[in-house]
Amino acid sequence: MSNQTFELNAVVRGDELQGKGASRRLRKQNLVPAIVYGADKEPASIAIRYNELIKSLETESFFSHILTINVEGQGTEEVVIKALQRHPAKNTPMHADFQRIVRGQAMHITVPVHYVGAEDAPGHKAGGIFVSNATELEITAIPSKIPEYLTVDVSGMNVGDSIHLLDIQLPEGVAIRELEVTEPFNRTVATMQAPTVEVEEPIEPEANEEAAGTRDPEGDEEARKLQAQDDTHDAPKSDDE
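Sequential numbering of the sequence shown, starting at 1, is according to the UniProt record's numbering.
Encoded structure:
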């Protein structure tokens, strides 16, 4: 984990500031309703300073760092963010869930996954397309061992190669939660796909062209003879006949 720190200031939400209507009033005051839970303590309803939260959300590592919340009149809380509800249209934060940490006690947290070296991979140079299937993973670690992100080196991938969960090199003291179950599924997280080749469909000839191409020459000659006979019968007779 990097030395970067995040601090947020908050106030306690009393009973009068609970519920949907109260949450709207808080947001009008540039406060974001939130809850802090865990560590065998009672959940605490708080409200975070909107501007501070917005600024912190601009940094990816905010989601994988230990955060300090200064609660007015209540002291500080060491937490990690577990959930963030955003406005469906504006994408602004509407509610946040924070989990307290216990130093030395393992916890679950979701961290970003960074893939490096894709442009240098032999498969990419051969026209392959790199596709990642996981942009974040849930890990298990004690707070001091939580990485800012997981790094996956894909510089050696050829076309058709895949990288699975078990292929990821993890920092010391870190485990991928999906692999901790009794029957883990070693799913694919990245592939180097073959380039797409577009096949041009043959152009169908026009109907009249097909007819012209399949015309029988002997049939045409017979038709001309019949037409000549008709012309002879239809010609006007002279006065001498």
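We treat Cβ as the ideally placed atom computed from N, Cα and C, and that holds for glycine.
If you reduce the DSSP assignment to three classes, tell me which class residue 98 lands in. Per DSSP, reduced to three states, the secondary structure at residue 98 is strand.
Alpha carbon to alpha carbon, how far is residue 119 from residue 9? Give it in angstroms, no decimals. Those two C-alpha atoms are separated by around 42 angstroms.
Close-in-space but distant-in-sequence residues of the same chain around residue 43 (CB under 6 angstroms, 5 per side omitted): Cβ neighbours of residue 43 within its own chain (closer than 6 angstroms, five residues either side excluded): 35 and 37.
Which same chain residues end up closer than 8 angstroms to residue 53 when comparing Cβ atoms and leaving out the 5 residues on each side of it in sequence? Hits under 8 angstroms: 8, 32, 93 and 96.
What does the alpha-carbon distance come out to for the pair residue 13 and residue 149? Cα to Cα, the separation comes out at about 33 angstroms.
When the Cα of residue 73 is compared with those of 188, 11 and 159, which residue comes out closest? Comparing alpha carbon positions, the residue from 188, 11 and 159 closest to residue 73 is 11.
DSSP three-state assignment for residue 66, whether helix, strand or coil: Reduced to three states, the DSSP call for residue 66 is coil.
Measure the C-alpha to C-alpha separation of residue 28 and residue 55 and round it to an integer number of angstroms. Straight-line Cα distance between these residues: approximately 18 angstroms.
Residue 191 versus residue 123: straight-line alpha-carbon distance, rounded: Taking the straight line joining both Cα atoms gives about 10 angstroms.
Three-way DSSP call (helix, strand, coil) for residue 83 in this model: It is a strand residue.
Classify residue 40 as helix, strand or coil using the three-state DSSP reduction. DSSP places residue 40 in coil when its eight states are reduced to three.
Can you tell me which residues form a DSSP beta bridge with residue 248? The question about residue 248 has no answer here: the residues shown for the chain are numbered 1 through 241.
Do the CB positions of residue 141 and residue 106 come within less than 9 angstroms of each other? Contact: yes.
Residues bridged to residue 48 by DSSP? Note: residue 48 sits in a beta bridge opposite 10 and 32.
Hey, how far is the Cα of residue 238 from the Cα of residue 204? A caution first: residue 238 carries a pLDDT of 48, below 50, which makes its placement in the model unreliable, though a value can still be read off. If I take the Cα positions, the gap works out to 55 angstroms.
Taking the C-alpha atoms as reference points, what is the distance between residue 128 and residue 197? Straight-line Cα distance between these residues: approximately 11 angstroms.
Count the other C-beta atoms from every protein chain shown that fall within 10 angstroms of the C-beta of residue 183, then say buried if there are 16 or more, exposed otherwise. Exposed, since its Cβ has fewer than 16 Cβ neighbours within 10 Å.
Please report the residue range of the alpha helix (DSSP H) in which residue 122 lies. Its alpha helix (DSSP H) spans residues 122-125.
Nearest by alpha-carbon distance to residue 103: which of 39, 152, 132 and 131 is it? Answer by Cα proximity: 39.
Skipping 5 residues on each side, what residues in its chain have a beta carbon closer than 6 angstroms to that of residue 155? Hits under 6 angstroms: 117, 120 and 121.
For residue 64, count the other beta carbons within 10 Å of its own beta carbon; 16 or more makes it buried, fewer makes it exposed. Which is it? So residue 64 counts as buried.
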